[in-house]
Structures are given as structure tokens and as C-alpha cells.
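Worksheet for the structure shown next.
2 protein chains.
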Amino acid sequence: MGITDQLVKFRTAEVPEEAAAMTRLSLFDWAACGIAGADAAEFAAFRRAQMIEDGPAHVFGGEALGAAAAALLNGTLSHALDYDDTHFAHIGHPSVAVLPCVMALAETLAIPLTDAIDAATIGVEASILTGVWLGRAHYQIGYHQTATAGAFGATLAAARLLDLDKHQTRHALGLCASMASGVKAQFGTMAKPLNAGLAARTGVEAALWAQAGITAAADGLDGPSGFGPTHHGEAAEIKLPRKDWQISTISHKYHACCHGLHAMLEALAAADIAPDRIAGIRIRTHPRWMSVCNIAAPKTGLEVKFSYAHTAAMTLLSHGTSAISNFSDEVARDPQICALRDRIEVVEDEGLSETQAQVTLTLDSGEVRRLRHDLLAPMSLETRSKKLRIKVSALLGDAREQALWEAVTGSDLDAVTACFAGTNSQV
Amino acid sequence: MGITDQLVKFRTAEVPEEAAAMTRLSLFDWAACGIAGADAAEFAAFRRAQMIEDGPAHVFGGEALGAAAAALLNGTLSHALDYDDTHFAHIGHPSVAVLPCVMALAETLAIPLTDAIDAATIGVEASILTGVWLGRAHYQIGYHQTATAGAFGATLAAARLLDLDKHQTRHALGLCASMASGVKAQFGTMAKPLNAGLAARTGVEAALWAQAGITAAADGLDGPSGFGPTHHGEAAEIKLPRKDWQISTISHKYHACCHGLHAMLEALAAADIAPDRIAGIRIRTHPRWMSVCNIAAPKTGLEVKFSYAHTAAMTLLSHGTSAISNFSDEVARDPQICALRDRIEVVEDEGLSETQAQVTLTLDSGEVRRLRHDLLAPMSLETRSKKLRIKVSALLGDAREQALWEAVTGSDLDAVTACFAGTNSQV
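Residue numbers (our numbering), protein chains in the order written: chain Z, 17 to 443; chain L, 17 to 443.
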């Protein structure tokens, strides 16, 4: 069955409990990233420029807009810090495209949180599988899969929320084929988070417009002159739903730095050794990361985010890596961290995958400990919850973390969006 | 110089009088198509769905919205009838992407009509040259050049209206590189006109967002991982401005039917022969059109729009081809038209280009007359005006035509948008 047919059918699929629980965790994480992102000074003027309408859908920072405008703004702000979740097979960030679409539309339509969670789960799973279908060729040539595959996931989630029939859903996906966009040339600019916002808005609009009777190509995604064939898609074989839902292998970021450092940081987190007992440290990582995040002696907080040695020393000396504010110029200059950092060796190892790292600690006793971590290793929902709560506390403070946690694990959607209001500086 | 550098520089170019005069004609034609398009019943629900905000920019049919929403709606409605202008080198419809962007933004900013015309001229010229730069490869693989190249033209026009500096303009074009989209899979669906509306909205938003400080890839159009390289662009060499502005070779549609019939209809218009004096008629056309618009015996008004023989007979029998309402099922069945139609021969001729047609009339006296027309043949502004006024009268009635003509040739932008209100059925 072609991908369009599979997506249309999948929109009404029953959502396994475990998958929905994963979506709640992503909602928690995504909302925290958005609340923190609403403080980003460089987006302040853009934020103000969106305030040309009133509506029912709350945005990060407080105001409420129409669903499309809210999806655009929330998608953008939640990706501003680049601290949101990732799926390696999707080659993208699923939550920032799908969740802003779902939350804005669900709030507008007064849909219960449980149904919104189901729709978001369908949307995230659809976006991951669309990403797999488009494949690495699509990404390599220069498309930003977060935005392109993400838009189709957002559209399918919106189709479920709006209870579109199969014909309308097909038109919504067809409309999305004319609207999904975003190029990697934007990496390193503010247009990268904007791409996520645009994908979220596309989901809202494509579904609403299909509901309003706009017709589009029935095979706009996979037909001739459709999105896949025109956008260097691989048309890889996919199956929806899979037995193991892909959403279960989402990677959340627990450290406010380059993703290339995360496997090493997770490996070290298990060390539990007093730094003065350490005689030698060697970090092994995939060769690709050596040119990405191996600054030997970072001079600024920003450079620290791309330094194996410095973040390893921070971890061993109990400087948290969850809080964005800990990546400061002071931390870059801290004499104790710098002294330990300079004793750390970083080497490439082709035997490791991009998601793996290995740390070898030699203790003063001569004992050698080898710590490994793979970001793709299964992690229980409980462990994820614990780690995410630490992250969100570091981002928002304990009180706001507690309120957001209670809201996302409850049944009242408005309780979640009520947490969007206010900025950190006001708390 | 790369296309981005050329576009950035071109935004402040001086606009030749003749080019601006051409834009006024296109404004007249575009507005008439939009006013007539606002009546399209299938877009009524979509039209209503856009009415979620108030703003200063008038839309076809009457209401006023924010600039982005107005550009989206007006771009869509003005392309609903597919009766708007074309540029063959652009491979697209320039006005429906650029003019809704310019008019919505200019009305919002209270910019005089003369300046809006200049900005639109810059935008149309930029969209044509971007289309040339993307080339036929981009179109053939499946991109809808009206929307893709059109978005860049709209963005540049908006950058001029907003008086963006060169850095902001670069960011606006960079943002457009992440937003420009639209596939040909939509042809034959309502998403085709929507593509034009989306391009117009992209122009408004990309420029406003760049003004609000959003940064984007400085070479988002032509750099690596940019729009051209990812979207099968040919990167053909271009020069902006050319000595002869491309806008001067825009083709307006004077007949409410397939563009493949127009060269033949223009050739016949010069015949001026009583039908009862005609013994034989042979139409020669480019082979590509034989499978597009050569229905021998059309049964419906829609089929008449794709019939050489039927529209030729209509013309010889003085049935107008400008009014959409003349393409009716009654006309398809008219015995006099059908009798003449069945005597007409249509043959393909590889010696003709796609924009050329030849008609051979054999009179009862034995005299043979050969009539030729090429849609690319130069046409004076005066002749264009005359033909467009006939078309717009057929579309809107004489009174509304007169009012619109006076508005577009005047200096008050609000007088133009005042003509957007009301529907034909109300007049």
C-alpha cells in the first residue's frame, strides 16, 4: 500500500497506552522548551508581530491567538533553544512540528487532553514514518526533515482532531504536499526554528482548509509530480503501524549542548567517582563528531556546548549540564574545570556508531573502568520521566516544573496551556 | 553576480514608465479576475474560514483582513478562474503571486498607488527572472513555477514596499527559500489557485519577519542546501535588469478558455468574414496542443473550453469568448455552431511553436486566406488596453469595468481596493 493510503488509514488507529505515555513525556519536555524559548530575546519582535488577532489558542509567553498563528509561534519558540526531542530514523525533531499543531487546534476545539494526546501520537508516528519514507537522500540534498516530514505528521494529527473523513484527509495531505517546505541552508539562523513553526501551521491549515472543501491532488505526497518524487524522496518501504511504534525510540535531550556530546555525558553520569581519584580519562567517539563538538579549550559558554573535554570535566565536578544558564563564560574560565579538562583525551573510534560513546577512567588505584552509552538504548518511561523532570526543573525552576508535570499527566488540556503563560524572569 | 546579489540590488531599481504602465494593465486584469473569482461557489467556505481577523487590507468580495491573510485569499481567488496573465519564459502566472502581496501590504502601510505599482513591477520582473533561473528542469520535475518563482518575486516587492535594507532583504529572500513551495500535482484541483495565494502570503510574511529581525540563510536561494540546488533548479544565467524588461512580454488572456486555443482565436479575430462565405477552414497548431485542447465534439461548456473547432466556430459566428458565462452547455449544443464546427479541420504542425497558430480559410469564391498569430508578438499598450477593457466588461459588466479602469489608471490605491467589494450577482 502506498504511503498516502497507509496514512489515511492510520489516522483512526488505536493508540497503545505506552505510546501515549511517551507522548505525554514529550509534551512535558516540549512545553518546557517552549516556555524557556519564549524568553529568547532575538524572537521578541517576531513574537510581537504575530499579535494581530485574538483567538482561543494560548502561546508561550501568555497571549492567545487563532489556531494557525498559535501553531506557528509555538512551533518556532519551542525549537528556539534546540533543546527538544529528536528521532534518528525520522532525521528530525518530531515534537516541535506536531505538538504545536495539536495543542492549538485542540484548545480551539475544546478537545480533552487524552484525545489530543492520541492525535499527537498518531501525528508523531506518521511524521517519523514519512521521514523514513523520504529517507536520507532527501535530507542529504538539503531538506530539513523536521519541517518537511513534520508537516505531514502535523496534518494527519489535525485530520484526526477534526475527525476528517478519508476523502478530506486525502485532500489535507494533498494540500500539505504543496505547503511542506524548509531547507537546511537555514541551520545556524533563526529560520531553523521557524521551519518547525511553519510545519505546525501547515498541519492546522491543511486540515482546516480540507474541511472547508478545498480539494487537492489525491496523491500529492507520493504520486507523479507529488512531494516525494519532486523532493528527492527515496520512497523507502514503510509499514504503518509497526508492531513497535517508532515513537518509543524518541531521544530526549537531557543536556543543553550539542547532541554529539550526549552519549558521552550519559556514560559519565553512571561513573560516580570523586574527581580526585581519577588518574586518566579517555573518551572514544564516532569520527563524525570530531569536527562538530571537540573544542579542546573553549573560551565562551557557547563554545563549551561543543566541547567533549570541558563538559566531561563539568559532569565529573558536579556542574549540571541540564540548565542552559550553566553554559556560561564563567564556566568556560573556571580554573578547577579547566585543570581537569586539560587531562582528558578525546579519540575517534570507527567501531562506534554516531549514537554511541565510550569513556575509559583510570583510577589512582590503577583500576580501569569502561563506561559506554548508546542514545538508542531502550530506556524505561520511569527513567525518562526522572531525567526529564530534572531537566525541566533546571529550565523552569521547581515550582513551574511541578505545575507542568501535574498538568501533562492530568486530563485537562487547559491546565497544560495555562502553564504557557509568564516568563522565567517573572517567576 | 549570483541571483541573490542581483535581486537584492534590483529591489531599488528605477522602474521604466512603460514597465509600470504594463503593471497597471495587469492590475486591472488581475483585479477583474479576483472580483469574478470571489463568486466561485466552491471557494465560499474557504473564504469564510479566513474571516477570523480584522485588518486594513481589502479582499475580493468585500471584507478587510491583515496583510498576510488578505494576500493569501486574494492570490487564491484571483487564480480561481485561471483567467489571469501568463509569462512563457517564467513558465507561470506572475500577477497572481505578486499583486495580492503588494496590494495587501501597500493598503496596510497606506502607500500611494504609484509606489505600489513600482514595487509590483520590480516583483513581477524578479519573479520572471527567478523562473528563468530555475528553468524548465524545475518545472518539468513537478514544481509549480507560479508559486515557487512567484514567492521570490512577491518577497522582493514586499522588501521594496517595506524599504528593507540590503541585509534585511537578504534575510527575507532567505526566509522565502524555506517557504516557497507548490507542486504541479495540484493541477485540476482547487490547490492550484491556492498555490498562488500561498506564494503571495509568503512575500508578505518573509518581508515582515525579516523586518522583525528573523535571520535566515544569506544565500538561501542559490547557496548549497538552498532552494535552487534542492529543487532541481538549472541556475541558468540571468541579468537583472535586462535592457528590455521581461514584463513587457506578459501574455494576458482575452478568452476564457485553454491557453492553447488563444493564438488560433487571435488569428481568427482578424478574419472579418461572414460565415456563409466560408467553404473550408483548416487550423494548424503545435503538436503538444492536440492532446490538450482538441475535443472534436464537446458536450458541455467545460469541454468547449478545450475545443479548437468549437471555439473557432463560436468566433466566426460572433459568440464572444471573453465571458466565462458564454462557455455554457447551451453553446455546446447550439445547432448553428455545431454545424460550422463539424466542417473545421485541425492538424498539427511541427513548424509552429507552442505560442503560434495558423488558420487557412477557403472562401466560396475560391480565394484562400492565411491568418497567423503568435502570442509572443509585440502588442502595443493601447491594443492591450482595448482588448482588456472588452474582457473586463464581459466579466464584470460595463459599470464596474469603468470604475475599475478609472481606479487603476489613477493615483489612489484605496479607489482600487474599493472595487474589490460586492459580487457580480449583487450588481
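Backbone N, C-alpha and C define an ideal beta-carbon position, used for all residues, glycine too.
- Distance check between Z:Ala223 and each of L:Phe62, L:Glu398, L:Ser94, L:Glu58 places L:Phe62 closest, using alpha-carbon atoms only.
- At least one C-beta of chain L is nearer than 7 angstroms to the C-beta of Z:Lys200.
- Ranking Z:Lys269, Z:His302, Z:Arg304, Z:Val347 by CA distance to the CA of Z:Leu411 puts Z:Lys269 first.
- With contacts defined as CB atoms closer than 7 angstroms, Z:Ala325 and Z:Arg304 fail to qualify as a contacting pair.
- Between L:Ala188 and L:Ala175, the C-beta gap is smaller than 7 angstroms, which places the two residues in contact.
- In the displayed model, Z:Ile297 falls within a strand according to three-state DSSP.
- The continuous stretches of beta strand (DSSP E) do not include L:Glu30, and DSSP gives it neither H nor E.
- In chain order, Cys274, Cys309, Ile311 place their CB closer than 6 angstroms to the CB of Z:Phe322, counting only its own chain and leaving out the 5 sequence neighbours on each side.
- At a Cβ-Cβ threshold of 7 angstroms, L:Ala73 and L:Ala132 do not count as neighbours.
- Counting C-beta atoms within 10 angstroms of its own C-beta, L:Ala328 has 16 or more neighbours from the protein chains shown and is therefore classed as buried.
- For the segment 409-425 of chain L, the beta-carbon criterion of a distance under 7 angstroms to any beta-carbon of chain Z is satisfied by none of its residues.
- In the DSSP assignment, L:His278 falls within the alpha helix (DSSP H) that extends over 278-285.
- The continuous alpha helix (DSSP H) containing Z:Arg63 extends over residues 60-65.
- Put simply, of L:Glu346, L:Ile289, L:Thr301 the residue whose alpha carbon is nearest the alpha carbon of L:Leu333 is L:Ile289.
- Within chain Z, Ile157, Gly158 have C-beta atoms less than 8 angstroms from the C-beta of L:Pro245, given in sequence order.
- L:Leu89 and Z:Ala272 have their alpha carbons spaced roughly 42 angstroms apart.
- Straight across, the Cα-Cα distance linking L:Arg293 with L:Asp380 is about 5 angstroms.
- Cα atoms of L:Glu250 and L:Asp45: separation of roughly 31 angstroms, rounded to the nearest angstrom.
- Around Z:Gly367, no beta-carbon contact reaches into chain L at under 9 angstroms, the shortest distance being about 30 angstroms.
- For L:Ile127, no alpha helix (DSSP H) encloses it, and the DSSP letter there is neither H nor E.
- When C-alpha distances from L:Glu58 are compared across Z:Thr39, Z:Thr185, Z:Ile340, Z:Trp225, the shortest belongs to Z:Trp225.
- For Z:Arg400, there is no enclosing beta strand (DSSP E); the residue is part of the alpha helix (DSSP H) that begins and ends at 397-412.
- In terms of CA proximity to Z:Lys315, Z:Asp345 leads the group Z:Ala126, Z:Ala252, Z:Asp345, Z:Gly296.
- DSSP places Z:Arg258 outside both helix and strand once states are collapsed to three, so it counts as coil.
- Taking 4 residues as the minimum length, the alpha helix (DSSP H) runs contained wholly in the segment 165-203 of chain L are 182-195, in order along the chain.
- Across the set L:Met330, L:Ala105, L:Ser396, L:Arg400, the C-alpha of L:Met330 shows the shortest separation from the C-alpha of L:Met280.
- Just so you know, the alpha carbons of Z:Cys354 and Z:His302 end up roughly 24 angstroms apart.
- Here DSSP, grouped into helix, strand and coil, assigns L:Gly249 to coil.
- Three or more Cβ pairs drawn from the segment 243-257 of chain L and the segment 19-33 of chain L lie within less than 8 angstroms of each other, which places the two stretches in contact.
- Close CB contacts of Z:Ser338 within its chain, under the 7 angstroms cut and outside five residues either way in sequence, are with Tyr270, His271, Ala272, Ile406, Lys407, Ala410 (chain order).
- For Z:Gly229, the nearest beta carbon of chain L is closer than 7 angstroms to its own beta carbon.
- Taking C-beta atoms as the reference points, Z:Ala54 and Z:Val114 fail to come closer than 7 angstroms.
- Assigned with DSSP and collapsed to three states, L:Val362 falls in strand.
- Ranked by Cα distance from Z:Ser267, the first of Z:Gly77, Z:Ala37, Z:His103 is Z:His103.
- Membership of Z:His326 in the alpha helix (DSSP H) is indicated by the continuous run 324-332.
- For Z:Ala226, the enclosing alpha helix (DSSP H) starts and ends at 207-227.
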